[in-house]
Amino acid sequence: MAREFSSVGVIGLGTMGAGIAEVFARSGLAVIGVEVDDAGIQRAREHMEHSTGRALARGKIDEATRQEILGRIRYTTQLDDLAEVDLVVEAIPEHLDAKADVFAKLDKITKPDVILASNTSSLSITEIGVHTQRPGKVVGMHFFNPAPVLKLVEVVRTVVTEQDVIDDVVALAKRIGKTPVVIGDRAGFIANALLFGYLNHAVRMFESHYATREDLDAAMRFGCGYPMGPLQLLDLIGLDTAYEILDSMYRQSRDRLHAPAPLLKQMVSAGLLGRKVGRGFYTYDRPDSPNVVDDHLTPRSKAGEDGPTRQVRTVGVVGTGTMATGIAEVFAKSGYDVVLRGRSQEKAEAALGKVRKSLERAVAKGKLTEDEAAAAAGRIRPVAELAELADADLVVEAVAEDLEVKRGLFAELDAVVKQGAILATTTSSLPVVECAAATKRPADVVGMHFFNPAPVMKLVEVVHTINTAPDVVATVNAVCRQTGKVA
0 MAREFSSVGV IGLGTMGAGI AEVFARSGLA VIGVEVDDAG IQRAREHMEH
50 STGRALARGK IDEATRQEIL GRIRYTTQLD DLAEVDLVVE AIPEHLDAKA
100 DVFAKLDKIT KPDVILASNT SSLSITEIGV HTQRPGKVVG MHFFNPAPVL
150 KLVEVVRTVV TEQDVIDDVV ALAKRIGKTP VVIGDRAGFI ANALLFGYLN
200 HAVRMFESHY ATREDLDAAM RFGCGYPMGP LQLLDLIGLD TAYEILDSMY
250 RQSRDRLHAP APLLKQMVSA GLLGRKVGRG FYTYDRPDSP NVVDDHLTPR
300 SKAGEDGPTR QVRTVGVVGT GTMATGIAEV FAKSGYDVVL RGRSQEKAEA
350 ALGKVRKSLE RAVAKGKLTE DEAAAAAGRI RPVAELAELA DADLVVEAVA
400 EDLEVKRGLF AELDAVVKQG AILATTTSSL PVVECAAATK RPADVVGMHF
450 FNPAPVMKLV EVVHTINTAP DVVATVNAVC RQTGKVA
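Numbering of the sequence shown is given in numbering that gives the first Met the number 0, commencing with residue 0 and proceeding in unit increments.
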């Protein structure tokens, strides 16, 4: 018979624990929140009042509901007060010994059939459960921060977790408005195993001066559509928390992907923990604030942004695929004359037809007027001969991702396009310098990596080689700004 949950204990009322307590209270359950001392309880109260206050200000709850939520939560410093609850969720810091000690105590305090859940994001549920006399009733219940907002709960089962325990926790997760997924007891479970390898790699890229923090974050926001960049997200999570999660996953799996980047450890040791202290990868106007302020790493301008530029009026686009037609549309909508070259006149005309259909969709969605769409289409001239690109000021190739094909094309462009014109490749993976080496003007060659669909995605990665002239970089950056892109 399924368990009936009417009361829940939450141990640890930091940002995550307080959020979990709020989620249960919002769903009508009585909550007993446990902290180590009165100061911790006071912080939890303030967090709860602030969080529910935000919900009130945004119109998501009314004052009566807010008071009901706050009234369902009772605070204590005594684990013994959890003796009669129906479920306990532990949300203390990520230290196995501390969690094991809490579970051993709970095993003696709570009723025999009570489920004991850990909100750990990286530690082994099996290793936690063996410290009780009821390992079959120990489960992972991993919420995501901020718990009142994010829908996912990872329900983590061990090899001895009883099926009715999993079923009851899944049902409870649905009852409180969450989307549960069931996963075996593996390092990082699902989301963190994917997420933290990516975050750790971003730190390594920043550490090796691969790109600035702003450009790394912009790449993922505007190129991949993520709401936050990796370094911004690490500041939100807390660098100490991120380090503990990565270290735990690495110790379990020995996968180098999760070996914490040295810079992460150094920043934690220096107290640069992210938003909660006002400084991490970025600097904030105060602790716990999302508002970034300038610091010594803030770029004053992009490389080449303030330098002289070349005049660009006509843009050549080589290719007739989805990327090529998208790029042609971007330039045409921004007022540039576009020469769209296909391998035959028929292919070039068909490519223009694709652009027209895309413009028609934009009109239907209210993003363009009919006159604007007609003007953009009218700026595109389809051609079959490379010689038609002779007078272009900028030529962007978007042909097959094959180095020999691109090198051959660049050699041909070098022979027909006027001197002083910029030759750009939109390659996503091939070395730009190899394309440049196929020409007699390597200083005029640059990468302009658009993201698909080009009319929608905001990012363009501007890739310069050791030979690219500064005014070429400055010109391409200026063109990107003119087209509304982030370079």
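A virtual CB, placed ideally from N, CA and C, is assigned to each residue, including glycine.
Short Cβ contact (8 Å threshold) for residue i with residue j
i    : j    : result
L408 : V317 : yes
A1   : L12  : no
P259 : Y242 : yes
L233 : G187 : no
M322 : A397 : yes
G273 : R285 : no
K104 : T119 : no
S343 : A391 : no
T157 : T109 : no
V508 : L393 : Only positions 0 to 486 of the chain appear in the structure, and residue 508 is not among them; the question remains open.
V137 : I165 : no
G237 : K275 : yes
I40  : T76  : yes
G8   : V101 : no
P381 : L351 : yes
L402 : E371 : no
V291 : T324 : no
T467 : V444 : yes
E89  : S123 : no
R57  : A29  : no
Exposure label - residue i; buried when at least 16 CB within 10 Å
i    : result
H295 : exposed
I465 : exposed
Y197 : exposed
H49  : exposed
R312 : exposed
H130 : buried
L193 : exposed
P134 : buried
E62  : exposed
Y335 : buried
R360 : exposed
T178 : exposed
Pick from the options that is closest to residue i, judged by C-alpha positions
i    : options                : result
A190 : V155, A375, G483       : V155
D214 : L458, L339, I108       : L458
H448 : A414, R380, V158, C479 : C479
T64  : T75, G52, Y74          : G52
A331 : R378, T76, Y74, G18    : R378
G222 : I31, D470, A473, V461  : V461
A487 : A375, T368, G341, K366 : Residue 487 is absent from the structure shown; the chain starts at 0 and stops at 486.
L388 : A373, A375, I421, E126 : I421
L95  : D246, R360, F450, L271 : D246
M219 : P229, A210, T211       : P229
S121 : A29, P134, S252, A374  : S252
A82  : Q66, K59, A56, L115    : L115
L86  : V416, V180, G325, A172 : A172
I326 : N451, T211, Y281, V292 : N451
L235 : A269, R250, T282       : T282
E3   : M248, D163, G320, G183 : D163
P92  : V168, K364, L262, T240 : T240
L256 : P289, G270, R203       : R203
D254 : A210, G224, R185, A269 : R185
E498 : K346, I127, Y74, A349  : Nothing about residue 498 can be reported from this structure: the residues present for the chain run from 0 to 486 only.
Close beta carbons around residue i, own chain, < 6 Å, minus the five adjacent residues each side
i    : result
V22  : A146, P147, I175
G446 : T424, V431, V462
T297 : none
E489 : Not covered by the structure: residue 489. The range shown for the chain is 0 to 486.
I68  : A24, R25, T51
F143 : L149, L151
A437 : R406, F409, A410
N199 : L245, A260
Q481 : S333
A442 : N466, A468
Cut-off 8 Å between Cβ atoms - residues of its own chain near residue i, not counting five sequence neighbours on either side
i    : result
Q418 : R440
D79  : I108
V337 : T313, V314, G315, V316, A327, F330, A331, R378, I379, R380
T308 : D470, A473, T474, A477
Heavy atom of the ligand PLP within 7 Å of residue i beta-carbon
i    : result
H200 : Ligands displayed in this structure: none; no statement on the ligand PLP is therefore possible.
Close Cβ partners of residue i (< 7 Å) along its chain, the five nearest in sequence each way excluded
i    : result
A201 : L215, P229, L230
E153 : G139, H141, V180, I182, F188, I189, A190
G270 : V276
Runs of alpha helix (DSSP H) lying entirely within the segment 314–366, each at least 4 residues, in chain order: Qualifying alpha helix (DSSP H) stretches, in chain order: 321–332, 344–363.
Length at least 3, wholly inside the segment 391–424: the beta strand (DSSP E) runs in chain order: Fully enclosed beta strand (DSSP E) runs of 3 or longer: 393–396, 421–424.
Secondary structure, alpha helix (DSSP H): runs of 4+ residues fully inside the segment 8–62: As far as the segment 8–62 is concerned, its whole alpha helix (DSSP H) runs of at least 4 residues are 14–25, 37–56.
Sequence ranges, alpha helix (DSSP H) only - wholly within the segment 129–215, length at least 4: Taking only runs of at least 4 residues, the alpha helix (DSSP H) segments lying wholly in the segment 129–215 are 162–174, 190–206.
Whole runs of the beta strand (DSSP E) within the segment 69–100, excluding any shorter than 3 residues: Segments of the beta strand (DSSP E) lying fully in the segment 69–100: 72–75, 86–89.
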